Structures are given as C-alpha cells and as structure tokens.
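Numbering follows numbering that gives the first Met the number 0, in which position 228 of the sequence shown is assigned residue number 227; successive positions increment by one, without gaps.
A short worksheet on the structure shown next.
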Amino acid sequence: MAVIEAPVRADPRLIVPLDVPTLAEARALVEELGETVSFYKVGLELFATGGGMTLAAELKAQGKQVFLDWKLHDIGTTVQRSAAVLADTGCDFLTVHAEPQVLKAAVQGRGRSNLKILGVTVLTSLTDADLVEMGFQESARQLVERRIHHAIAAGADGVIASPHEAELARKLGGKDFLVVTPGVRPDWSAKNDQARAATPADALRAGASHIVCGRPITAANDPREAALRVAGEMAGV
C-alpha cells in the first residue's frame, strides 16, 4: 500500500466506530489513529462493558467529537430521561429508533443542549427480503422515506441511512439536515455484513453529511494509513 501524506487536519465528516470489546483496545486504537481522526462512534459493545461513557468523556477531553450510537428504543418517558442525562455529557450525536414517540421524547429530553438527535431508519445490514420476513410490506427505501418524515416532524436533527438513501434524505431534510451513512466501504475493502454499501466519495456525493467507516480502518494492518486513505478519497468531495 502506497504511503499517503497526512491531511493538514482530520476530516470531521469521517466517523470511526470504536467497535472493540474492551476500553483498553479502544484507547489503543484512538492513540494509534492520532490526528487522522477527530470523530468517533461509541456503540453498544463498549456500552455493555461499562466503559462507554468513560471513553466518551476521555475523547471529549481530547477535543474529539463523540457519536453515542445507543439506538434508544423504549417508552417515551424512559427515552426522554435518558436523552436528558446524555445531553449533559457534552457528546455530539445520539441515535434513537426513528419512531414518532421515541423521536419526540429524545428531542424533548435533550432540551437546549447541543446534542444532535438522529433517527435510525433501516439498518444497513437489512435487505428488502429481510424486511418481508419481518412483516413489513414496504421496501427498504420506502420504509426509510417514511421514517425520514417521522424524524423531520419530531424536530430531530437528522437520520442514519444507508448511502443508497442519502440522496433521498438530503432532498427531504434540506441542506442543514444531518445524514449519517454507515455501510461505507472503499473499493479496496470487503463489504462484510453491509448489504447496502457505497464508497466514501459516492456517499458524500449522494448527500451524506458524515460517513461511518469501520472495519476498513479499524481492522487494517495499519489503521492510521487506512484512515488517511479514506480521508484522501473524501477530500475531493
């Protein structure tokens, strides 16, 4: 792999998920990536270990942005109270399932804080066939569209949607709507379990405000070099 010069600063549109089983591994990965990444996603794996919020606080202290990918889904009161607690942490993004009651409760809970509420539309691992098996009569695109409307009506800041629906989300949500796309896979990497994937540049061109790129970076022999390579692909968009 050719050596790529580091950008002057990290691309804030690139979010790297810290989907590792221990706090020590997450800290080591952040240290290795250094200045090449400024935005991290802390998900359920670290949440389950009890180290998720500890790590979030450490990242914020380092000047990083933090995306809490908790995918909250519960009765309105519980979601509202949880969002209120998380709003006080100074973190930047929080995911909830894009259902009307859940979205409205999260928006109420975050109050006047800067925490951005993002509605999860359809997981990027799901295909139309999977949705039929789950009992839905809609295609993935149709269900995503309906849930984007739910997010807008609730006053949420944006949605999580695959790169294939990024253009739709941008069209419906407008220029300031956050469109965060997981399932981003450079041409030189494996798709893994992402059924609706796209390259970093294609996702941004389609309307994504941020991309989440995990295993192509975190599972690489040289994560720092892989992050630079992804950032290089994003630089021209």
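Cβ atoms here follow ideal geometry from the backbone N, Cα and C, with glycine treated the same way.
Here the structure is a predicted model, which means the values were calculated and not measured.
Within 7 angstroms, strictly: CB atoms of residue i and residue j
{"i": "T35", "j": "R223", "result": "yes"}
{"i": "V78", "j": "A105", "result": "yes"}
{"i": "G213", "j": "P11", "result": "no"}
{"i": "G157", "j": "L142", "result": "no"}
{"i": "F66", "j": "I14", "result": "yes"}
{"i": "A83", "j": "G62", "result": "no"}
{"i": "A155", "j": "L102", "result": "yes"}
{"i": "A9", "j": "S37", "result": "yes"}
{"i": "A200", "j": "V236", "result": "yes"}
{"i": "H148", "j": "P99", "result": "no"}
{"i": "A160", "j": "A168", "result": "yes"}
{"i": "P181", "j": "T123", "result": "yes"}
{"i": "P215", "j": "P185", "result": "yes"}
{"i": "A225", "j": "A202", "result": "no"}
{"i": "D241", "j": "S138", "result": "Outside the shown range of the chain, which is 0 to 236, sits residue 241, and nothing can be said about it."}
Option nearest residue i by Cα separation, candidates the options
{"i": "T120", "options": "E132, I151, L114 and C90", "result": "I151"}
{"i": "T53", "options": "A128, E31 and L22", "result": "L22"}
{"i": "V179", "options": "K115, D87 and S208", "result": "S208"}
{"i": "V19", "options": "R12, A9, K40 and G33", "result": "K40"}
{"i": "V183", "options": "G173, G172 and A205", "result": "A205"}
{"i": "L171", "options": "D186, W187 and R145", "result": "R145"}
{"i": "A47", "options": "A165, Q64, E57 and W69", "result": "W69"}
{"i": "G110", "options": "L28, L85 and V29", "result": "L85"}
{"i": "E57", "options": "R80, A27, E44 and H72", "result": "A27"}
{"i": "V95", "options": "G50, L71 and R80", "result": "L71"}
{"i": "A234", "options": "I210, V29 and A60", "result": "I210"}
{"i": "A60", "options": "C90, N113, E44 and T217", "result": "C90"}
{"i": "L114", "options": "W187, Q136 and S81", "result": "S81"}
Under the three-state DSSP convention, the category residue i falls into
{"i": "L17", "result": "coil"}
{"i": "F176", "result": "coil"}
{"i": "G231", "result": "helix"}
{"i": "K103", "result": "helix"}
{"i": "A197", "result": "strand"}
{"i": "K40", "result": "strand"}
{"i": "V78", "result": "helix"}
{"i": "V236", "result": "coil"}
{"i": "K63", "result": "coil"}
{"i": "T35", "result": "helix"}
{"i": "T48", "result": "helix"}
{"i": "T88", "result": "coil"}
Status (buried if at least 16 other CB within 10 Å, exposed otherwise) for residue i
{"i": "I74", "result": "exposed"}
{"i": "G118", "result": "buried"}
{"i": "E232", "result": "buried"}
{"i": "G173", "result": "exposed"}
{"i": "E132", "result": "exposed"}
{"i": "G42", "result": "buried"}
{"i": "D175", "result": "exposed"}
{"i": "T76", "result": "exposed"}
{"i": "D221", "result": "exposed"}
{"i": "A25", "result": "buried"}
{"i": "A49", "result": "Before going on, a small fix: residue 49 reads as Gly here, not Ala. That one is exposed."}
{"i": "G134", "result": "exposed"}
{"i": "A230", "result": "buried"}
Residue i Cβ short of 6 angstroms to the ligand MN heavy atom set
{"i": "Q136", "result": "Of the ligands one can find in the structure shown there are none, so the ligand MN has no counterpart to examine."}
Minimum length 3: unbroken beta strand (DSSP E) runs contained in the stretch 106–164: 115–119 and 157–159
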